[in-house]
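J.: Can you keep this structure in mind? I'll have questions shortly.
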Amino acid sequence: MKEMWTNFWSGIRGLFGKRRAEQELDEELRDYLSKSSEEKMRAGMTREEAMRKARIEMGGVEVVKEKVRSVNWETHVETLWSDLRFGARLLRFNKVFAGAAILSLALGIGANTAIFQLLDAVRLRTLPVKNPQEIARIAIDQRHDASGDFTSRYSDLTYSMWVDILAQQRAFSSIFAWSPTQFNIAPSGEVQNVQGMWVSGQFFETLGVEAALGRVLSPADDTPGCASPGAVISYSFWQLEFGGERGVIGRTLTLDRQPFEIIGVTPASFHGVEVGRYFDVAIPLCSEPILTGEDSMLKNRSGWWLASMGRLKQGWNIERATAQLRAISAGIFEDTLPTDYNPEQKKKFLQYKLGAFSAGSGVSVLRSDYEQPLWLLLALAGAVLLIASANLANLLLARASAREKEMGMRMAVGASRWRLVRQLLAESLLLAGLGAVLGALLAHDLSRVLVASLSTKSEPLFVDLGMDWRVLGFTTALAALTCLLFGLAPALRATSVAPIEVLKEGARGTTGSRARFGMRRILVVSQIALSLALLVGALLFTRSLSKLASVDTGFRQTGILATDLDFSTLKLSDARRVSFAEELLERVRAIRGVDGAAIAEVVPLSGNGIGHDILMGVSSPPKTENPVAAFNIVSPGFFETMQTPIIAGRDFDQHDVAGSPLVAIVNETFARTIAKTGNPIGAMFRVRRLGTIIGTYEIVGLVKDTKYIDLRESPWGIVYTPTAQDAHPDTDAQILIRSNMPLAGLISDVKSVANAASPEMDVSFTVFHQMIEEGLLRDRLMARLSGFFGVLAVLLAVIGLYGVISYMVARRKSEIGIRMSLGADRASIIGLVLREALALLAIGLGIGLALAVAASSAAASLLFGLKAYDPATLGMAVAILAGIALAASYVPALRASRLDPVEALRHE
Amino acid sequence: MTDTSATLVQGTLDMLILKTLAPEPLHGWGISQRIQQLSRGVFEVNPGSLFPAFRRLERAGLLECEWRTSENNRRAKYYSLTRAGRQKLRSETKEWERQVAAIARILQTAS
């Protein structure tokens, strides 16, 4: 070990003072020679003989010097450096080649790095908190089919559960609960939403996050019934909204029309515990009733809205924590059992068991939605890089044949083959290195563009893209790998020559060797195979997207504006709410240019939904498993506004009011699967919410099936009930407006209508078809990117094929000349060349098909309406690639047929 | 002319050089002659192996060198053992003797 250290330092010293070391070595060897010759002269030889013999015995002063020099490790560093400089000079003389090579490498490496950067941020990185490996999530293990209200992205626990867990857990040194939400910071008028978090008092201290300015929330701030709570804002929100001025502490922020005092700012690196999201404002759990009033989640025993995490105690691990949590589970669930559950739900609830789950890298809906597509995209980008490298390898192989004389000469004067290979590899390293540096810079922008294309106003994405060691290592490894891929084979080939062969005057070189051509054939076949697989992927995703986008939703998508008029500040009674909402609806309908408007509790495809158990008939007792239907509460005119056909019966009308018999309209799937009849008009059913029957309804209308939550869903049975008969009317009216008017004008008209009704209302707008399109973002991303990669791959592969066929024609010029002079006509020459191309194509396509079928099964879950091995798509891809490839091969074939036989034969 | 340059013998060459330098410092030619003498002509190591070996041992801190005037009044580079070099010689000798004894045992019994 010590020897290695001394060796290292001697090397460093050796980098300086090289000249003196060289002189000393020279002197030492000459002294050796003179002593050796003196010895031989003493033995009787003449001076000349003695000196000659001494020289021969030494074997060449320069050779010995070289051997001594190679003992120094720093020599290798120096030779690498001079190899790189030599390579740079060579590239300067071949600017076009160098430019094309570096550019294609930069694009390939850049694309791969950008995707990996995203993957790293979403999957691999840990939270920027103290000791993230100690952080674990507390949730119910395998909770399926839970019942109640789910209002958050992470609806793991109810409030009463959290309180009990806080009191009884022993596995964590501290735990916290949190829930992501949005707050309206506009004091009046149009809603301005920011990203918010409800957090319990222990949130910041458990994570070890300290304030950048002011202070963060502490357990003392989160006492039940808190009257004037403080708010903590994020660094980015502080910069954006307050310009980063230090006087922000103590200022008031209105959240949903309630005042909060800003008490602190979090550090710039902290964005919450959710990967892919950020937060602007965090307020304590105890302040939730201030904003939600009677609908507070704190007293809702079946309200699932909290997620909990904690820091494990010293020496505790996940398994031990899970065991402790399981032990206290029975007691907690008995204590927090929702009173309104039905018996089956109660039984299921009491069997729940809590568990601890590793959470060092935070939680993320982004991760679960995008992890698989990202890995897939990385594979696609990697394949494109492989194809580009193969092209580069082919190019270098061509250049290698041109440099054979040079290599032969150098080996003849004593260079070892290994030394020459090292120098050629250094040139490739230079290309790969420059390509990687450029690619890394490109990736910086590409990854940001990628995230921006996925972020929408309603679901803003934030990914902390940084260059950490993993990304750097990935880029470096990619550069080294591509360098080897495209550099090694040509380097080995160029130096596998017998010097005597290439130094012969007029030598044709060994370019005619079959072995070298075989390597290029293999390269092009693999290029074709890979590009076919990529093309299949691109076609699959594009067709899947178009199928998804053209799915029949059952209602009109364009020209619909959804507006939410929130009048909770007016504090109206239940009865008054219904009539106020109806007044608003009438005023909106009266706006010039509005073709139809209606109120709906659930805006279709918004991601929200209501579901209840259905009991057909009026008296049959509930079974253990009752069918569940989706629900919507709508005003008369809803189906006409959304242009959903009423197949039988009638729409709601002015007779369906509170107090008159409860009516409902159902869709075809409900009739078929729940009512089990072709004509359900007049049938009766009861609705059970949790444990209570909330009404008995008569079916008065049948409508066409429509999509409810998601475009990909299989049909739900849907029940529509009238707003006038809603037992618990909301304090807001969601109105869907159909109009051909320009959007800006319509929005301002609606705002004035709202203002006229009451200036205290919050108004927000959603363009309906935009909302639907945002739901297709992931599919659109996959289609676009895979399409881009597919096209690129086909282009590169076809270029490669063209190159190889041209090369083959050049190689066989004399053969073609002989054939032509013996009488072969043009057509047969073209056929000769095309047969060669066809052979390569066939093998490539065969391998590619196998690859495509194997690989696309990985993507099966992302496709809609298509199986992974869809024969039509496979056939299309084969046809496209074969067509382009044959067309590309036709050009050199034509050229071959136009050869002048005399010319061809002369050019041996 | 025997020129053995396999890695196995490289270790042995190093040991021989260390041994020849144990009594007194020598220059390159002197080391080559001494090895030839002591081995009664069995080993004739040529400069192509010797000088790289010197450099290697120097780099590892087992040898140090000094320029002195030699017998023929020319400047010559004299090598001598460092303390680490002496320790290495001792341990290598012990190891070598152990291996030789083991081989000898095997050769004796397997007949």
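These protein sequences, in sequence, are chains A and V.
Just so you know, we're using the numbering used here here: the first sequence kicks off at -7 and counts up by one.
Just so you know, we're using the numbering used here here: the second sequence kicks off at 2 and counts up by one.
The beta carbon of each residue, even a glycine, is placed where N, CA and C say it ideally should be.
(1) Helix, strand or coil: which one does DSSP assign to GLY501 (chain A)?
(2) Please state the DSSP three-state secondary structure of ARG584 (chain A).
(3) Taking the alpha-carbon of ALA90 (chain A) as reference, which of A:ARG681, A:GLY425, A:VAL695, A:LEU788 has the nearest alpha-carbon?
(4) Measure from the alpha carbon of LEU82 (chain V) to the alpha carbon of each residue in V:LEU14, V:THR13, V:THR21, then state which is nearest.
(5) Below 9 Å on C-beta distance, what does PRO26 (chain V) contact in chain A?
(6) Roughly how many angstroms lie between the CA atoms of ALA77 (chain V) and CYS66 (chain V), to the nearest whole one?
(7) Is ASP558 (chain A) helix, strand or coil when you go by DSSP?
(8) With 16 other CB atoms within 10 Å as the buried threshold, where does MET(-4) (chain A) fall?
(9) Quick check on DSSP: helix, strand or coil for HIS263 (chain A)?
(10) Suppose only complete runs of 4+ residues qualify. What are the alpha helix (DSSP H) ranges in the region 89 to 177 of chain A, listed by chain order?
(11) For the region 373 to 456 of chain A, list the alpha helix (DSSP H) runs that are entirely contained and at least 4 residues long, ordered along the chain.
(12) In the DSSP assignment, the alpha helix (DSSP H) including PRO863 (chain A) goes from what residue to what residue?
(13) Counting only Cβ pairs nearer than 7 Å, list the residues of chain V close to TYR24 (chain A).
(14) Please tell me whether GLY86 (chain V) has its Cβ less than 7 Å away from any Cβ of chain A.
(15) Kindly indicate which residue of A:MET753, A:LYS699, A:MET459, A:LEU368 has the alpha-carbon position closest to the one of ASP771 (chain A).
(16) Taking a contact to mean a Cβ-Cβ separation below 7 Å, would you say MET608 (chain A) touches PHE559 (chain A) in this structure?
(17) Can you give the Cα-Cα distance for LYS89 (chain V) and LEU63 (chain V), rounded to whole angstroms?
(18) Alpha carbon to alpha carbon, how far is ASP112 (chain A) from ARG462 (chain A)? Give it in angstroms, no decimals.
(19) Strictly below 9 Å CB to CB, what residues from chain V border MET50 (chain A)?
(20) Count Cβ pairs between the region 748 to 765 of chain A and the region 544 to 560 of chain A that sit closer than 8 Å; are there 3 or more?
(21) Does LYS32 (chain A) come within less than 7 Å of chain V when only Cβ atoms are used?
(22) Could I get the ranges of all uninterrupted alpha helix (DSSP H) runs contained in the region 284 to 360 of chain A, with 4 residues as the minimum, in chain order?
(23) Taking Cβ-Cβ distances shorter than 7 Å, what residues in chain V pair up with SER911 (chain A)?
(24) When you compare only the Cα positions, how much space is there between GLY353 (chain A) and PHE325 (chain A)?
(25) Tell me the DSSP secondary structure of MET608 (chain A) in three-state form.
(26) With 16 as the cutoff for other CB atoms within 10 Å, does PHE644 (chain A) come out buried or exposed?
(27) Alpha carbon to alpha carbon, how far is THR468 (chain A) from ASN104 (chain A)? Give it in angstroms, no decimals.
(28) Measuring alpha carbon to alpha carbon, tell me which residue in A:MET403, A:PHE108, A:ASP862 is nearest VAL455 (chain A).
(29) Alpha carbon to alpha carbon, what distance is there between LEU377 (chain A) and SER356 (chain A)?
(30) Rounded to the nearest angstrom, what separates THR38 (chain A) and PHE44 (chain V) at their Cα positions?
(31) Taking the beta carbon of LYS59 (chain A) as the centre, do at least 16 other beta carbons fall within 10 Å, making it buried, or is it exposed?
(32) Can you list, in chain order, the residues of its chain with a C-beta nearer than 6 Å to that of ALA530 (chain A)? Leave out the 5 residues immediately preceding and following it.
(33) How about the region 236 to 251 of chain A and the region 281 to 299 of chain A: do they share at least three Cβ pairs that are nearer than 8 Å?
(34) For THR150 (chain A), is the classification buried or exposed, using 16 other Cβ atoms within 10 angstroms of its Cβ as the cut-off for buried?
(35) Beta-carbon separation of LYS32 (chain A) and LYS45 (chain A) under 7 Å?
(36) Alpha carbon to alpha carbon, how far is PHE164 (chain A) from GLY302 (chain A)?
T.: In short, the structure shows the following:
(1) Counting from one through the first sequence, the residue named residue 501 (chain A) turns up at place 509. Model confidence at GLY501 (chain A) stands at a pLDDT of 46, short of 50, so the residue's coordinates are unreliable and nothing is read from them.
(2) The count along the first sequence starts at 1 and reaches residue 584 (chain A) at position 592. In this structure, ARG584 (chain A) counts as coil in the three-state DSSP scheme.
(3) One-based indexing of the first sequence puts residue 90 (chain A) at position 98. Cα-wise, what sits closest to ALA90 (chain A) is A:GLY425.
(4) The residue labelled residue 82 (chain V) in the question sits at position 81 within the second sequence. Nearest C-alpha to LEU82 (chain V): V:THR21.
(5) Residue numbering aside, residue 26 (chain V) sits at position 25 when the second sequence is read from its first letter. Around PRO26 (chain V), no beta-carbon contact reaches into chain A at under 9 Å, the shortest distance being about 14 Å.
(6) In the second sequence, counting from the first residue as 1, residue 77 (chain V) sits at position 76. In the second sequence, counting from the first residue as 1, residue 66 (chain V) sits at position 65. As the crow flies, the alpha-carbon of ALA77 (chain V) is around 10 Å from that of CYS66 (chain V).
(7) Along the first sequence, read from residue 1 onward, the residue named residue 558 (chain A) stands at position 566. Strand, per DSSP.
(8) In the first sequence, residue -4 (chain A) corresponds to position 4, counting from 1. By the 10 Å Cβ count, MET(-4) (chain A) comes out exposed.
(9) As a first step, residue 263 (chain A) must be located in the first sequence, where it is residue number 271. Three-state result, HIS263 (chain A): coil.
(10) 151 to 160
(11) Qualifying alpha helix (DSSP H) stretches, in chain order: 396 to 404, 409 to 446.
(12) For the purposes of this step, residue 863 (chain A) is taken as residue 871 along the first sequence, with counting starting at 1. Looking at the DSSP string, the run of the alpha helix (DSSP H) that includes PRO863 (chain A) is 863 to 889.
(13) Taking the first residue of the first sequence as 1, we reach residue 24 (chain A) at position 32. Correct list: GLY29, TRP30, PRO48.
(14) What you label residue 86 (chain V) is simply residue 85 of the second sequence in a count that begins at 1. Closer than 7 Å: no.
(15) For this step, residue 771 (chain A) is matched to residue 779 along the first sequence. Its Cα nearest to that of ASP771 (chain A), the residue A:LEU368 stands out among A:MET753, A:LYS699, A:MET459, A:LEU368.
(16) Within the first sequence, the letter at position 616 stands for residue 608 (chain A). Within the first sequence, the letter at position 567 stands for residue 559 (chain A). No, the Cβ-Cβ distance between MET608 (chain A) and PHE559 (chain A) is not below 7 Å.
(17) Here residue 89 (chain V) is taken as the residue at index 88 of the second sequence, counted from 1. Here residue 63 (chain V) is taken as the residue at index 62 of the second sequence, counted from 1. Cα to Cα, the separation comes out at about 8 Å.
(18) Numbered from its first residue, the first sequence carries residue 462 (chain A) at position 470. Numbered from its first residue, the first sequence carries residue 112 (chain A) at position 120. Computed Cα separation, rounded: 8 Å.
(19) Counting from one through the first sequence, the residue named residue 50 (chain A) turns up at place 58. Neighbours of MET50 (chain A) on chain V, chain order: ASN47, PRO48, GLY49.
(20) Three or more Cβ pairs closer than 8 Å define a contact, and the region 748 to 765 of chain A meets that threshold against the region 544 to 560 of chain A.
(21) Indexing the first sequence from 1 puts residue 32 (chain A) at position 40. With 7 Å as the cut-off, LYS32 (chain A) does not count as an interface residue toward chain V.
(22) 310 to 327, 335 to 342
(23) Because chain A in this structure spans residues -7 to 900, residue 911 (chain A) falls outside the shown range and cannot be described.
(24) Along the first sequence, read from residue 1 onward, the residue named residue 353 (chain A) stands at position 361. Along the first sequence, read from residue 1 onward, the residue named residue 325 (chain A) stands at position 333. Checking the sequence shown, residue 353 (chain A) turns out to be Ser, not Gly. Their backbone Cα atoms lie some 29 Å apart in a straight line.
(25) On the first sequence, position 616 is the one that residue 608 (chain A) refers to. MET608 (chain A) falls in the strand class under three-state DSSP.
(26) Start at 1 with the first residue of the first sequence, and residue 644 (chain A) comes out as number 652. PHE644 (chain A) should be labelled buried.
(27) Here residue 104 (chain A) refers to the residue found at position 112 of the first sequence. Here residue 468 (chain A) refers to the residue found at position 476 of the first sequence. Those two C-alpha atoms are separated by around 12 Å.
(28) For this step, residue 455 (chain A) is matched to residue 463 along the first sequence. For VAL455 (chain A), the nearest C-alpha among the options comes from A:PHE108.
(29) Against the first sequence, residue 356 (chain A) aligns to sequence position 364. Against the first sequence, residue 377 (chain A) aligns to sequence position 385. Cα to Cα, SER356 (chain A) sits roughly 30 Å from LEU377 (chain A).
(30) Here residue 38 (chain A) is taken as the residue at index 46 of the first sequence, counted from 1. Here residue 44 (chain V) is taken as the residue at index 43 of the second sequence, counted from 1. Approximately 26 Å between the Cα atoms of the pair.
(31) Locating residue 59 (chain A) in the first sequence gives position 67, where the first residue counts as 1. Under this definition LYS59 (chain A) is a buried residue.
(32) The count along the first sequence starts at 1 and reaches residue 530 (chain A) at position 538. Cβ within range, chain order: SER778, GLY779, GLY782.
(33) With the cut-off at 8 Å, the region 236 to 251 of chain A and the region 281 to 299 of chain A touch.
(34) Stepping through the first sequence from its first residue, residue 150 (chain A) is reached at position 158. Per the 10 Å Cβ criterion, buried.
(35) Taking the first sequence and counting its residues from 1, the one referred to as residue 32 (chain A) is at position 40. Taking the first sequence and counting its residues from 1, the one referred to as residue 45 (chain A) is at position 53. Taking the C-beta atoms as reference points, LYS45 (chain A) is found nearer than 7 Å to LYS32 (chain A).
(36) The residue labelled residue 164 (chain A) in the question sits at position 172 within the first sequence. The residue labelled residue 302 (chain A) in the question sits at position 310 within the first sequence. In this model, PHE164 (chain A) and GLY302 (chain A) are separated by some 6 Å (Cα to Cα).
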